[in-house]
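Participant:
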Amino acid sequence: MTIADNRITGVTLQKRRFKVWQRDPRCVMCGRLTDYPSGFELDHIIPLYQGGEDVISNTQILCCGEDGCHKKKTKQDMKA
Ligand SMILES: [Zn+2]
1 MTIADNRITG VTLQKRRFKV WQRDPRCVMC GRLTDYPSGF ELDHIIPLYQ GGEDVISNTQ
61 ILCCGEDGCH KKKTKQDMKA
């Protein structure tokens with residue numbers, strides 16, 4: 001759990017993470033199967049700062065870790 005995960009806290013976040021993961025446990029960028037609960041990050045398809053909504057339909061799974069897609073995408077989003 002990282003600090004960035006604390007936008008919505010506790011039970012709500014855990015439920016949401018599980019729902020999205022259950023729907024499709026693969027990373028949307030590389031197709032890797034991710035582990036619950038610590039092998040992925042919930043990513044906003046449309047970033048919140050670009051007007052994206054904080055809802056399940058605007059979230060997707062990205063694998064995390066040193067070489068994970070979440071890290072790569074976050075870097076790209078920062079440049080955009
Ligand atoms: Zn990935």
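If you count the sequence shown from 1, position 30 lands on 30 in the UniProt record's numbering, and the numbers rise without skipping.
Note that CB positions come from ideal geometry on N, CA and C, so glycine has one too.
What you are looking at is a predicted structure, and each value in this text was computed from that prediction instead of being measured.
Please output, in chain order, the residues near ligand 3 using a CB cut-off of less than 7 Å to any non-hydrogen atom of the ligand.
Facilitator: Ligands in the displayed structure: ligand 1; ligand 3 is not one of them.
Participant: Which residue marks the beginning of the alpha helix (DSSP H) containing residue 158, and which one marks its end?
Facilitator: Residue 158 falls outside the range modelled here, since the chain spans only 1 to 80, and no answer is possible.
Participant: Three-state secondary structure (DSSP) at residue 43?
Facilitator: strand
Participant: What does a CB cutoff of less than 7 Å around residue 77 pick up in its chain, not counting 5 residues either side in sequence?
Facilitator: 47
Participant: Could you check if residue 61 is buried or exposed, using at least 16 other CB atoms within 10 Å of its CB as the buried criterion?
Facilitator: Flag for residue 61 reads buried.
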